[in-house]
Amino acid sequence: MDNDAYTAPRPVAFDPATRDLGVLVGFDGSKQSFLALHYGALAAQRSGRVLTVVSAFSVPARIYTTLAAVPEKSEAEVAVAAAKKVLLEAREYLQHYPGKVIYRTERGDAAGVLVDLSTVAELAVVGARGRGGFLGRVLGSVSTALPAHAHCPTVVVTRQYEVNESEGAERFTAGRDRRPVVVGIDLSAPSRVAVLQAAQSALNRGVTLHMLLALPSLEGWLDWYPELDSTDEGVTDRRKTQLEKSLEEETRWVKTHFPALDVTAAVKPGDPVALLAKQTREAQLTVVGTRGRGGFTGALMGSVSRGVLLRAAGPVMVVPDLQDKRLQDQPVTSR
1 MDNDAYTAPR PVAFDPATRD LGVLVGFDGS KQSFLALHYG ALAAQRSGRV
51 LTVVSAFSVP ARIYTTLAAV PEKSEAEVAV AAAKKVLLEA REYLQHYPGK
101 VIYRTERGDA AGVLVDLSTV AELAVVGARG RGGFLGRVLG SVSTALPAHA
151 HCPTVVVTRQ YEVNESEGAE RFTAGRDRRP VVVGIDLSAP SRVAVLQAAQ
201 SALNRGVTLH MLLALPSLEG WLDWYPELDS TDEGVTDRRK TQLEKSLEEE
251 TRWVKTHFPA LDVTAAVKPG DPVALLAKQT REAQLTVVGT RGRGGFTGAL
301 MGSVSRGVLL RAAGPVMVVP DLQDKRLQDQ PVTSR
């Protein structure tokens, strides 16, 4: 299909103040979902929002040939009971959590349930893998589908995420992690939406926001900048200098909206997936947009965000294309 013939999805309307579910966590009792639960609890505390914990269940169709084969309890009753039992594990884990918590059981496919609820959530959080309704392969089916379809930013928490092992309320006290929040930017409007979300996350944590712009190979540049002369040996240095000047303008723009935030930026040569995947080991949170300049503009989740999720060694936030009034004064850059 011709890219020019495809109309990309419209930006999602997003007003955090109207997102009544606050921080939404998909929970199935697996080890990964406990990590997501802990991450979500800290995120809810930082933002001052409610924490919503959801366990999804499905009811398979059954056909009974005789009355004797009909169970005393229906499959629906059994499934609901199992989902409630799973939520009891979450309640026990959060028994000393100081914030407000909502517990919900929802019937349906886990990914579909979370996508639907993401329309009224400020942030969705899931583990990279789970079990039962949240089970997948390399990435779980939910952690793959949710970032691509969610109506709010999604954080996928990997197994390397470390939780506070203290007892009682101290378990939910954020440690003194001074590592930055890193965001990938490609000077497109969708990536600036990701920058704004990353900036808020960095501000909530009291740490530096670091913007990273990858400098692709010359072959990759020709897709962005067909006017380049591939025989000019100095084109690399000139293009790097141009992008660094653009990043300076991006930094000034972010500072106008987050004047108290420490913001740094860098242009680094290399593949954006490899560069950002490395950052997931060095940053406390790595932020990417669902789509950017590269690849098929109509894709639900771009190759960079998908690639970073597959190789991540730390929490990754995937930000959809959201409506944000702050984009009205965004820098004007040319491709």
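Numbers 1 to 335, taken from the UniProt record's numbering, label the letters of the sequence shown in order. Glycine is no exception: its CB is placed at the ideal position from the N, C-alpha and C atoms.
Close-in-space but distant-in-sequence residues of the same chain around residue i (CB under 7 Å, 5 per side omitted)
| i | result |
| --- | --- |
| Val113 | Val54, Ala56, Glu106 |
| Pro11 | Asp321, Leu322, Gln323 |
| Leu117 | Leu21, Leu24, Val54 |
| Val80 | Phe57, Thr105 |
Contact set for residue i: own chain, Cβ-Cβ below 8 Å, skip 5 residues either direction
| i | result |
| --- | --- |
| Ala312 | Ala128, Val156, Thr158, Ala277, Thr280, Thr286 |
| Glu72 | Here Glu72 scores only 48 on pLDDT, less than 50, and its place in the model is too uncertain to base an answer on. |
| Glu165 | Arg171 |
Residue i (DSSP reduced to helix, strand or coil)
| i | result |
| --- | --- |
| Tyr97 | coil |
| Ala214 | strand |
| Ala81 | helix |
| Pro269 | strand |
| Gly40 | helix |
| Gly175 | coil |
| residue 351 | Outside the modelled stretch of the chain, which goes from 1 to 335, sits residue 351, for which no answer is possible. |
| Val157 | strand |
| Asn164 | coil |
| Gln330 | coil |
| Ala194 | helix |
| Arg129 | coil |
| Ser47 | helix |
| Leu234 | According to the sequence displayed, residue 234 carries Gly and not Leu. Gly234 falls in the coil class under three-state DSSP. |
| Ser303 | helix |
| Val259 | What sits at residue 259 in the sequence shown is Pro, not Val. In the structure shown, Pro259 sits in coil (DSSP, three-state: anything other than H, G, I, E or B). |
| Ser30 | coil |
Cβ shell of residue i (< 6 Å), same chain only, five flanking positions each side left out
| i | result |
| --- | --- |
| Thr154 | Ala124, Leu146, Pro147, Val318 |
| Gly29 | Val86, Glu89 |
| Gln197 | Pro153, Val319 |
| residue 336 | With the chain represented from 1 up to 335, any question about residue 336 goes unanswered, as that position is not in the structure. |
| Arg46 | Asn204 |
DSSP beta-bridge partners of residue i
| i | result |
| --- | --- |
| Thr52 | Leu24, Ile102 |
| Arg107 | Phe57 |
| Thr264 | His210 |
| Val319 | Gly289 |
| Leu123 | Val23 |
| Val12 | Leu322 |
| Val182 | His210, Thr286 |
Heavy atom of the ligand MN within 7 Å of residue i beta-carbon
| i | result |
| --- | --- |
| Ala83 | Judged by which ligands are present, the structure shown has none, so any question about the ligand MN falls away. |
Taking three-plus beta-carbon pairs below 8 Å as touching, is the stretch 38-54 in contact with the stretch 94-104? yes
Segment contact flag, the stretch 251-261 with the stretch 176-183, C-beta cutoff 8 Å, min 3 pairs: no
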